[in-house]
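Below is one structure; the comments refer to it alone.
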Amino acid sequence: MRAFRKRLRVLVPGFLAGVICLSVSRTAFAEEAGVTTAELKVIADTVWTLVAAFLVFWMNAGFGCVESGFTRAKNAVNILGKNFVVFGIASLSYWAIGFGLMFGDGNAVLGTTGFFVNPSQDGAGFSSLDWANIPLFAKFFFQLVFAGTAATIVSGCVAERIHYWSYMLFSVFLVALVYPIAGHWIWGGGWLGALGFQDFAGSTVVHSVGGWAGLIGILLLGPRTGKYDPSGKPLPIPGHNMALAFLGGMILWLGWFGFNPGSFMAADARGISHVVVTTNLACSAGLLAATVTAWVLLGKPDFSMTVNGALAGLVAITAPCAFVGALESVIIGVVGGVLVVLGVLAFDRLRIDDPVGALSVHLLNGIWGTIAVGLFASADSPGGGADGLLHGGGLKLLLVQLLGIVAVGAFTVIVSAIGWLVIRATVGMRVDAETELIGLDIVEMGMEAYPNEPPHTSHAAVRRAAQNQPQPGPTAVTG
Amino acid sequence: MVKIEAIIRHYKLDEVKDALTRAGVQGMTVTEVRGFGRQKGHKEQYRGAEYVVDFVPKLKVEVAVPDELAEAAVEAITTAGRTGQVGDGKIFVIPLSDAVRIRTGERGEVAL
Numbered sequence: 006m007r008a009f010r011k012r013l014r015v016l017v018p019g020f021l022a023g024v025i026c027l028s029v030s031r032t033a034f035a036e037e038a039g040v041t042t043a044e045l046k047v048i049a050d051t052v053w054t055l056v057a058a059f060l061v062f063w064m065n066a067g068f069g070c071v072e073s074g075f076t077r078a079k080n081a082v083n084i085l086g087k088n089f090v091v092f093g094i095a096s097l098s099y100w101a102i103g104f105g106l107m108f109g110d111g112n113a114v115l116g117t118t119g120f121f122v123n124p125s126q127d128g129a130g131f132s133s134l135d136w137a138n139i140p141l142f143a144k145f146f147f148q149l150v151f152a153g154t155a156a157t158i159v160s161g162c163v164a165e166r167i168h169y170w171s172y173m174l175f176s177v178f179l180v181a182l183v184y185p186i187a188g189h190w191i192w193g194g195g196w197l198g199a200l201g202f203q204d205f206a207g208s209t210v211v212h213s214v215g216g217w218a219g220l221i222g223i224l225l226l227g228p229r230t231g232k233y234d235p236s237g238k239p240l241p242i243p244g245h246n247m248a249l250a251f252l253g254g255m256i257l258w259l260g261w262f263g264f265n266p267g268s269f270m271a272a273d274a275r276g277i278s279h280v281v282v283t284t285n286l287a288c289s290a291g292l293l294a295a296t297v298t299a300w301v302l303l304g305k306p307d308f309s310m311t312v313n314g315a316l317a318g319l320v321a322i323t324a325p326c327a328f329v330g331a332l333e334s335v336i337i338g339v340v341g342g343v344l345v346v347l348g349v350l351a352f353d354r355l356r357i358d359d360p361v362g363a364l365s366v367h368l369l370n371g372i373w374g375t376i377a378v379g380l381f382a383s384a385d386s387p388g389g390g391a392d393g394l395l396h397g398g399g400l401k402l403l404l405v406q407l408l409g410i411v412a413v414g415a416f417t418v419i420v421s422a423i424g425w426l427v428i429r430a431t432v433g434m435r436v437d438a439e440t441e442l443i444g445l446d447i448v449e450m451g452m453e454a455y456p457n458e459p460p461h462t463s464h465a466a467v468r469r470a471a472q473n474q475p476q477p478g479p480t481a482v483t484g
Numbered sequence: 160m161v162k163i164e165a166i167i168r169h170y171k172l173d174e175v176k177d178a179l180t181r182a183g184v185q186g187m188t189v190t191e192v193r194g195f196g197r198q199k200g201h202k203e204q205y206r207g208a209e210y211v212v213d214f215v216p217k218l219k220v221e222v223a224v225p226d227e228l229a230e231a232a233v234e235a236i237t238t239a240g241r242t243g244q245v246g247d248g249k250i251f252v253i254p255l256s257d258a259v260r261i262r263t264g265e266r267g268e269v270a271l
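Chains A and P supply the protein sequences, listed in that same order. Residue numbering for the first sequence follows the working numbering, starting at 6 and increasing by one per position. Residue numbering for the second sequence follows the working numbering, starting at 160 and increasing by one per position.
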């Protein structure tokens, strides 16, 4: 031991000296080779933006786990399949058409250049993104994973009753046309951004667009068989795997640490540190508020509401994250958490069947987050911008935010409806009753997620519900 | 020979197994089942909707014993499996016409 310590006394300083010499000489060498500080900044910005983009990409796994956990085992392969293919679809659609429509130079409504993105377009044609100092492909990839997120929101809304191909077709439509045009208005140099609309990471651009498109899908599909009894009372269709839902929630929480801070598209130390904290505070406040709300209203701390609450807080803080402070983030999160629980109960009362709470998480809180900017934004924040109502800015910002919510909402609803209706009229949309009872995995996918497990089906309850007969008492549709 | 089928609470398995072994029973088969008798289901809730789960998880223990061991086996399961609450389960004793040991082809009581 003593001999070892003696050696350490020589080795450690020697090692440190070596490191110092090497780094000094490397810098000197770098300067000689012509790598400037400015170029190092580009490297840091690019690496951070791409790492953040990888985290957002990984949110697809999170959505898959949450959606599958909250739905039945007999549809698991189908739901996971939708979440997996949607990113492939988004990648191709956004590369071919969407990115150009959204960020290409054009007019106040849409971009008209920049399709089939390639690196030779670097430096020209995407002036709305010139504020970011990284290669075009890095900007493209970062924006792509956001488009993918909007598309994967829809899969939760239409779960357990939509044809696989109908969802795939709609995803092409959403990512190629709907999402980019709305996004152009706000981030791509369009008219809403010009009016001062502020959405830092996409409560409106990503989450409300996904939510509106999903809402139309839900309305055109109708509820799952057996979800509401003849008197309209919601029957529970319990999710099959809360462990998976937990994992999904955790993955999404982590992913948001890329979603929000990454939106600087720069390694802005103060900015990303600020946004990481506001993001986390809103998530934490949201999940606790939702848990307490569920506990008070429903008698138990429903874990599915806890997960929804975390996501609600995250969606709500997505727009304001760079414009608000810590305490405001907590308030925004608390409101989001309460809102999501009330939303789930309200949608069920309206017989709007939302299997995973996607509307309450993404649509309602996408709207709330956008409004929150109008209330709490401060010009003296890492995101800059204007002052909101509570920071002496008056009503101006709030009114622009409301205008944006209505404009994007109307546009998305109308165009999504056209898309869904065309799909429904041509290739169909909803699976038939027997397919729904047997399960999409066996009929549409040709395989099961858990081949050796016996089905936990209350056949009698499902059959009664399918035939619209009154149930003898509240019985879960467990199949 | 008789076949004894017992529906027991799932957490009583170890006690029942030990009691049967002490009584001289050499093997058993256990299956996970769901069922109900006079025990009502329990209430659960999911996202605001309350419901009753009718079918309660139980275990079915099956043993095949010679006639002289039947009463001891029933007694063992009853004592080990009883809590005194509704839902303790039931035992069915079924006459067995034959038994075969697959490895050797032996039949009758020696195969048990």
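Glycine included, C-beta positions come from ideal geometry on N, C-alpha and C. Fair warning: this is a prediction, and the values are worked out from it, not measured in the lab.
Quiz item: CB-CB under 6 Å to Phe-122 of chain A, same chain, minus the five flanking residues each way: which ones, in chain order?
Solution: Strictly speaking, residue 122 of chain A in this sequence is Val, with Phe absent from that position. Closer than 6 Å at the Cβ level, and outside the excluded window around Val-122 of chain A, lie Trp-100, Phe-104, Phe-145.
Quiz item: Of the choices P:Gly-240, P:Thr-263, P:Gln-204, whose alpha-carbon is the least far from that of Ser-309 of chain A?
Solution: It is P:Gln-204.
Exercise. Can you tell me which of the three DSSP states Ala-155 of chain A falls into?
Key: helix
Practice problem: Flag this pair as yes or no: are the beta carbons of Lys-87 of chain A and Gly-444 of chain A separated by less than 9 Å? | Solution: By the CB criterion at 9 Å, Lys-87 of chain A and Gly-444 of chain A fall outside the cutoff.
Practice problem: With a threshold of 16 other CB atoms inside 10 Å of the CB of Val-269 of chain P, please say whether the residue is buried or exposed. | Solution: exposed
Exercise. Determine the chain P residues that contact Val-349 of chain A at a beta-carbon separation under 9 Å, and present them in chain order.
Key: Arg-206, Gly-207
Quiz item: Within the chosen definition, does the stretch 214–233 of chain P reach the stretch 235–251 of chain A through at least 3 CB pairs nearer than 8 Å?
Solution: no
Practice problem: Out of A:Leu-302, A:Val-378, A:Ile-410, point me to the one whose CA is closest to Glu-209 of chain P's CA. | Solution: A:Leu-302
Quiz item: Does any residue of chain P bring its CB to less than 9 Å from the CB of Ser-309 of chain A?
Solution: yes
Exercise. Return the chain-ordered ranges of every alpha helix (DSSP H) run that is complete within the stretch 38–76 of chain A and spans a minimum of 4 residues.
Key: 42–74
Quiz item: Would Gly-116 of chain A be called buried (16 or more neighbouring beta carbons within 10 Å of its own) or exposed?
Solution: buried
Self-check item: Segment contact, 8 Å Cβ cut-off, at least three pairs: the stretch 120–139 of chain A with the stretch 153–167 of chain A
Solution: No, because fewer than three Cβ pairs between the stretch 120–139 of chain A and the stretch 153–167 of chain A fall closer than 8 Å, the two stretches do not touch.
Practice problem: Would you mind reading off the limits of the alpha helix (DSSP H) that contains Pro-254 of chain P? | Solution: No alpha helix (DSSP H) holds Pro-254 of chain P; the beta strand (DSSP E) holding it covers 248–254.
Quiz item: Gly-248 of chain P: which of P:Met-160, P:Lys-171, P:Gly-183 sits nearest, CA to CA?
Solution: Per the Cα distances, P:Lys-171.
Self-check item: Three-state secondary structure assigned by DSSP to Val-180 of chain A
Solution: helix
Quiz prompt | Residue span of the alpha helix (DSSP H) that contains Leu-224 of chain A, given as start and end | solution = Boundaries of the alpha helix (DSSP H) harbouring Leu-224 of chain A: 214–226, taken from the DSSP string.
Exercise. Could you pull out every residue in the same chain whose Cβ sits closer than 7 Å to the Cβ of Asp-353 of chain A, ignoring the five residues on either side in sequence?
Key: Excluding the 5 residues flanking it on each side, Asp-353 of chain A has same chain C-beta neighbours closer than 7 Å at Pro-239, in chain order.
Exercise. Mark His-464 of chain A as exposed unless 16 or more other C-beta atoms lie within 10 angstroms of its C-beta, in which case mark it buried.
Key: Residue placement at His-464 of chain A is poorly supported in this model, since its pLDDT is 42, which falls under 50; the coordinates are not used for a value here.
Quiz item: Rounded to the nearest angstrom, how far is the Cβ of Ile-322 of chain A from that of Thr-284 of chain A, given a contact under 8 Å?
Solution: 6 Å
Quiz item: Is it true that the CB of Leu-179 of chain P sits closer than 9 Å to the CB of Ile-112 of chain P?
Solution: Absent from the model: residue 112 of chain P. The displayed extent of chain P is 160 to 271, so no value can be given.
Self-check item: Proximal residues to Gly-362 of chain A (C-beta, below 6 Å), its chain only, five neighbours per side dropped
Solution: These residues qualify, in order along the chain: Asn-313, Val-349.
Exercise. Say whether chain A places a C-beta atom closer than 9 Å to the C-beta of Tyr-210 of chain P.
Key: Yes - at least one Cβ of chain A is within 9 Å of the one on Tyr-210 of chain P.
Quiz item: Near Leu-255 of chain P, what residues of its chain come up, given a Cβ to Cβ distance below 8 Å and the 5 sequence neighbours on each side ignored?
Solution: Met-160, Val-161, Lys-162, Ala-223
Practice problem: State the start and end residues of the unbroken alpha helix (DSSP H) segment that holds Gln-406 of chain A. | Solution: 401–431
Quiz item: Mind checking if Ala-304 of chain A is an interface residue toward chain P, Cβ cutoff 9 Å exclusive?
Solution: First, the amino acid is wrong: residue 304 of chain A is Gly here, not Ala. The beta-carbon of Gly-304 of chain A is placed less than 9 Å from the nearest beta-carbon of chain P.
Exercise. Give the C-beta separation of Ala-331 of chain A and Val-282 of chain A to the nearest angstrom, bearing in mind that I take them to be a contact with Cβ-Cβ under 8 Å.
Key: 6 Å
Quiz item: Is there contact here, the stretch 270–279 of chain A with the stretch 67–75 of chain A, by at least three beta-carbon pairs under 8 Å?
Solution: no
Practice problem: Could you say if the stretch 325–345 of chain A and the stretch 370–390 of chain A meet the contact criterion of at least three C-beta pairs nearer than 8 Å? | Solution: yes
Practice problem: Give the residues from the stretch 229–244 of chain A that approach chain C closer than 7 Å (Cβ to any Cβ), ordered along the chain. | Solution: The chain labelled as chain C is not found among the protein chains of the depicted structure, namely A and P.
Quiz item: Pick from A:Gly-130, A:Asn-138, A:Phe-62: whose alpha carbon is nearest that of Gly-193 of chain A?
Solution: Minimum Cα distance to Gly-193 of chain A is reached at A:Gly-130.
Exercise. Compare the C-beta of Asp-385 of chain A against all C-beta atoms of chain P and say whether one is closer than 9 Å.
Key: For Asp-385 of chain A, the answer is no, since every Cβ of chain P falls outside 9 Å of its Cβ.
Quiz item: Which chain P residues sit within Cβ distance under 9 Å of Asp-353 of chain A?
Solution: Arg-206, Gly-207, Ala-208
Exercise. Would you kindly work out how many angstroms separate the C-alpha atoms of Thr-230 of chain A and Leu-134 of chain A, rounded to a whole number?
Key: 46 Å
Quiz item: Straight-line CA distance for Ser-421 of chain A to Ile-221 of chain A?
Solution: Approximately 7 Å, taken between the alpha carbons.
Self-check item: Own chain, CB closer than 7 Å to Gly-371 of chain A, minus 5 neighbours either side, in chain order
Solution: Ser-208, Thr-209, His-212, Ser-213, Gly-216, Val-320
Exercise. Report buried or exposed for Leu-257 of chain A, applying the criterion of at least 16 other Cβ atoms within 10 angstroms of its Cβ.
Key: Around the CB of Leu-257 of chain A, 16 or more other CB atoms lie within 10 Å, so the residue is classed as buried.
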